[in-house]
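So the structure is just underneath, and the comments pick up after that.
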Amino acid sequence: MADTRFVVSSSPHIRAEEDTRSIMLDVCIALAFPLVIAVYFFGLRALTVTAVSVAACVFFEWAYRKLLKKPSSVRDLSAVVTGLLLAFNLPVSVPYWLPVVGALVAVVVVKQLYGGIGKNFLNPALAARVFLFSFPVWMTSFPKPQPGQWNALPLWGPVDVVSAATPLSFLKHGALPADAYNLQDLLLGQAPGSLGEVSALMLLLGGVYLVVRRVITPRIPVAYLGTVAALTFLFPKGDAAPLEWMLYEVLSGGLVLGAVFMATDYTTSPVTKRGQWIFGIGCGLLTVFIRYFGAYPEGVSYAILVMNACVWLLDKISLPRRFGVPRLTRFIRKGGGKA
Amino acid sequence: MIFPFQGGVHPEGHKDATRQKPIEPLPPPARVVLPVSMHIGAPCEPVVKVGQHVLLGEKIAVSASPVSAPIHASVSGTVAAVEVCPHPNGGRMLSVVLENDGADAPHPDIRPFGSAETLTAEELIAVVREAGLVGLGGAAFPTHTKIASGLGKVDTLIVNGAECEPYITSDHRVMLETPEEILGGVRALMKIYGLESAVIAVETNKPDAVETLRRTLPRRGDGVRVAPLATRYPQGAEKQLIRAVTGREVPPGALPAAVGAAVFNVDTVASIHRAVTTGMPLLRRVVTVSGSAVSNPKNLSVRIGTPLRAVFEATGGFREQPFKIIMGGPMMGVAQHNLDAPVVKGTNALLAFSRGEGKPEKEPVCIRCGRCVSACPMRLLPVYLYHYEQKNMLAECERMRVSDCIECGSCSYICPGRLHLVHSFRTAKQKLREARKRGGN
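If you read the protein sequences in the order shown, they are chains A and B.
Numbering that gives the first Met the number 0 applies: residue 0 is where the first sequence begins, and numbers increase by one.
Numbering that gives the first Met the number 0 applies: residue 0 is where the second sequence begins, and numbers increase by one.
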């Protein structure tokens with residue numbers, strides 16, 4: 000046995016198989032559920048808008064790092080996830096330059112300027128969406144779903160949208176959209192809305208996939224959806240029956256998309272258990288607050304962005320109990336357990 | 000079954016390669032290298048001179064410090080050198096090198112002391128101290144010191160047969176092959192502490208060991224029970240084991256005795272019995288030799304001081320050029336660079352990996368996924384500790400209780416961004432120690 004050089008490194012010497020790329024790939028798989036139904040309801044244009052958004056995000060991710068001579072991070076697939084989520088938050092009828100502008104804001108301004116994956120403090124896709132509200136004409140006209148009509152919208156050229164009222168615009172005025180869209184429509188996705196937010200069922204299926212694969216824990220979605228459900232059940236608007244009102248509120252708009260895929264974004268949500276519960280509840284409170292008292296019917300994006308900015312604080316105030324120190328002592332001895 | 004502490008991870012076991020392999024004695028080598036420290040605590044001073052003839056079991060290095068364990072000749076022969084030699088902890092250390100005369104002639108003072116029944120508690124402790132016993136699970140804390148720290152305080156004796164590190168089966172084989180010796184040692188410890196009961200804790204991935212120990216019980220020990228533990232790393236860590244078995248949490252910076260518990264590794268316990276009944280000090284130990292680069296993985300009974308090279312050769316050498324050699328388990332073991340370093344008292348395994356296992360990480364990136372937080376059995380926030388350490392914010396590290404880190408490696412293992420978390424916390428602790436030394440407080 001000849002002596003050769005062995006690698007000497009710090010323990011542990013084995014690593015779990017999952018890495019950043021495999022996690023992002025799982026998120027992409029989970030997002031395929033709502034994407035498939037979006038194509039079914041909105042036609043092939045749902046696919047082309049998504050493709051443009053993903054391609055633009057990946058391009059900006061690559062170009063930024065290339066220009067600054069940093070190692071490429073395209074392989075980790077996080078830009079693909081951002082591209083998918085950005086597209087999901089747009090009406091399917093948007094012109095193609097819109098997701099490109101959104102991708103620039105999401106990937107370059109919100110993510111890379113702060114140092115890239117894991118360093119941004121706002122969810123890139125959501126921040127981009129909110130920026131794109133500067134173009135209200137395109138951002139607030141929602142075409143009506145037309146199941147199975149592949150060419151419902153033209154792939155090229157200007158889109159002549161007959162825009163339809165979304166379920167949330169009914170709720171905004173304290174009325175159930177029961178005649179226009181029933182609860183089953185909302186579950187399946189047969190109501191106007193952003194590309195990837197319309198089918199609560201598919202989004203939940205994607206969420207279940209992420210939980211089963213242990214990519215996310217259900218804490219944030221449960222806290223978020225539970226809070227919205229509880230508040231809307233307790234305080235229905237108009238003369239709607241509480242349960243029905245609650246179900247419409249939960250299934251409408253981007254709530255399920257936000258609760259399952261946006262609020263659970265690792266980088267912009269707390270890492271502690273208690274922090275995650277508080278974060279989810281905070282998102283729920285703000286969403287209902289904005290929906291009830293704001294000027295705009297949709298509250299999810301703003302709610303999550305505001306909570307994103309609180310993450311550092313939430314982690315700080317929700318440190319787990321120190322091993323070997325009883326709970327009571329923790330409160331008496333302030334400062335998180337300096338022995 | 001006892002469910003575990005919070006946190007932890009589930010690395011793949013890889014124990015099949017050696018779990019069925021009975022312990023084989025490895026013939027002593029022509030030369031043994033005995034470092035003057037194989038334990039936590041004060042190093043010993045050599046008491047032999049070059050050229051002197053020593054007998055099997057003769058003391059060759061001692062220390063007056065209470066936290067130390069004497070070193071004995073693991074072969075009979077001539078002192079070839081007293082010099083600085085490679086040590087498996089990575090550094091070099093003063094060592095006594097013995098030329099084996101092949102006679103294995105025991106020292107005349109070595110004779111059986113009797114049994115746990117015939118000796119007093121004080122006499123038993125003295126036997127343990129003279130036998131040079133240390134924790135054989137890997138930590139190598141002097142056993143008599145540990146016993147002394149708990150006298151009058153311990154109400155729960157836990158024998159640690161968890162063996163939660165992947166690949167290692169040395170304790171498993173000891174439980175299967177010498178359960179009577181383990182029970183004998185348990186009885187000695189029960190006598191020392193004046194206890195009526197004891198618990199032998201074994202992970203459920205070793206059902207045969209649970210079965211064997213239970214079958215041995217009725218004949219030998221009343222009050223001793225076998226507790227199967229959920230399989231989860233780091234179940235065998237002292238604080239986690241105490242938590243799982245008793246529900247008690249050892250306070251930060253305190254010893255297990257603070258909550259009335261004492262934990263001893265199964266092989267340490269068996270060694271106590273052997274020291275009492277044979278009078279022979281600790282001269283050999285069981286080492287699992289495994290990993291993808293090893294031709295024929297085995298459990299070997301090895302003389303302490305045997306060069307690592309000789310141990311690997313005894314298993315048929317390497318099937319391919321190893322990429323990494325580890326003493327101990329893959330989660331907490333120490334990477335080796337020199338095969339001339341010897342087996343020491345705490346060497347429970349020698350692993351050799353070919354490329355593929357434990358390959359070097361790509362550029363590490365934190366995505367704040369929080370897996371490290373869920374995996375930390377000490378309820379720390381590794382993600383924050385890491386960022387503070389990287390920015391040299393030591394006061395923040397201290398406030399976030401980096402001192403509580405038991406360096407089990409769960410966070411690094413689970414990190415999808417492949418951060419070197421544990422390494423960073425070791426660095427932070429080291430910097431804090433230095434700062435404290437400089438500051439004088």
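Every residue, glycine too, gets a C-beta built ideally from N, C-alpha and C.
A Cβ-Cβ distance of about 26 Å is found for the pair L152 of chain A and Y247 of chain A, leaving them out of contact under the 8 Å criterion.
Its Cα nearest to that of S8 of chain A, the residue B:H419 stands out among B:V382, B:H52, B:H419 and B:D15.
Under the three-state reduction of DSSP, E388 of chain B is assigned to helix. Taking G40 of chain B as reference, the option from B:A138, B:G101 and B:S75 with the minimal CA-CA separation is B:A138. Separation of the CB atoms of A86 of chain A and V109 of chain A is rounded to 16 Å, and the pair is thereby denied contact status at 8 Å. For the pair G222 of chain B and A197 of chain B, the Cα-to-Cα distance works out to about 6 Å. Of the candidates B:I405, B:N99, B:R302 and B:A229, the residue whose Cα lies closest to the Cα of G50 of chain B is B:N99. In chain B, no part has a C-beta under 7 Å from the C-beta of S92 of chain A; the shortest such distance is about 33 Å. Residues of the stretch 8 to 22 of chain A with a Cβ closer than 8 Å to any Cβ of chain B, in chain order: S8, S9, S10, P11, H12, I13, R14, A15, E17, D18, T19, S21 and I22. Ranked by how close their Cα comes to the Cα of F4 of chain B, the residues B:E237, B:P105 and B:G101 have B:E237 in first place.
Of all alpha-carbon atoms in B:V293, B:T314, B:I303 and B:K344, the one lying nearest the alpha-carbon of I324 of chain B is that of B:V293. V262 of chain B sits buried, since 16 or more C-beta atoms from the chains shown fall within 10 Å of its C-beta. Taking 7 Å as the Cβ-Cβ cut-off, the stretch 399 to 413 of chain B approaches chain A at R400, D403, G408, S411, Y412 and I413, given in chain order.
Our two residues, V126 of chain B and T266 of chain A, have alpha carbons roughly 57 Å apart in a direct line. Among the residues of chain A, those whose CB is under 9 Å from the CB of F322 of chain B are F5 and V6, following chain order. Taken through DSSP and simplified to helix, strand or coil, R283 of chain B comes out as strand. Shown in chain order are the members of the stretch 267 to 280 of chain A whose Cβ falls below 7 Å from a Cβ of chain B: V270 and T271. From the beta-carbon of V364 of chain B, the residues of chain A found nearer than 9 Å are T19, S72, D75, G115, I116 and G117.
Setting aside the 5 residues that flank it on each side, I28 of chain A is surrounded in the same chain by Y208, each with a C-beta closer than 7 Å to its C-beta; the list follows chain order. Within the same chain, I124, V127 and I191 come within 7 Å of I146 of chain B by CB-CB distance, once the 5 residues on both sides are set aside. For the stretch 308 to 323 of chain A, residues whose beta-carbon sits nearer than 8 Å to a beta-carbon of chain B comprise D314, L318, P319, R320, R321, F322 and G323.
For E17 of chain A and I413 of chain B, the gap between their C-alpha atoms comes out near 8 Å. In the three-state reduction of the DSSP assignment, H272 of chain B falls in the helix class, which pools H, G and I. Looking at the DSSP output, T266 of chain A bridges to nothing.
Taking C-alpha positions only, S291 of chain B is separated from L66 of chain A by approximately 43 Å.
In the three-state DSSP reduction, R20 of chain A falls in the helix class (H, G or I). The beta carbon of A256 of chain B is closer than 7 Å to those of S148, G149, K152 and V153 in its chain, skipping five residues each way along the sequence.
At a cut-off of 8 Å, the C-beta of Y295 of chain A has no neighbouring C-beta in chain B.
Here DSSP, grouped into helix, strand and coil, assigns S162 of chain A to strand. The C-alpha of T215 of chain B lies about 15 Å from the C-alpha of R172 of chain B. Spanning the alpha carbons of P70 of chain A and P11 of chain A requires a straight line of approximately 26 Å. Residue range G76 to P85 is occupied by the beta strand (DSSP E) that includes P85 of chain B. The C-alpha of G117 of chain A is placed about 39 Å away from the C-alpha of G147 of chain A.
Around the beta carbon of D403 of chain B, 16 or more other beta carbons lie within 10 angstroms, which makes this residue buried.
About 6 Å separates the CB atoms of F424 of chain B and L384 of chain B; that is less than 8 Å, so the two are in contact. When C-alpha distances from Q275 of chain A are compared across A:D75, A:P241 and A:L313, the shortest belongs to A:L313.
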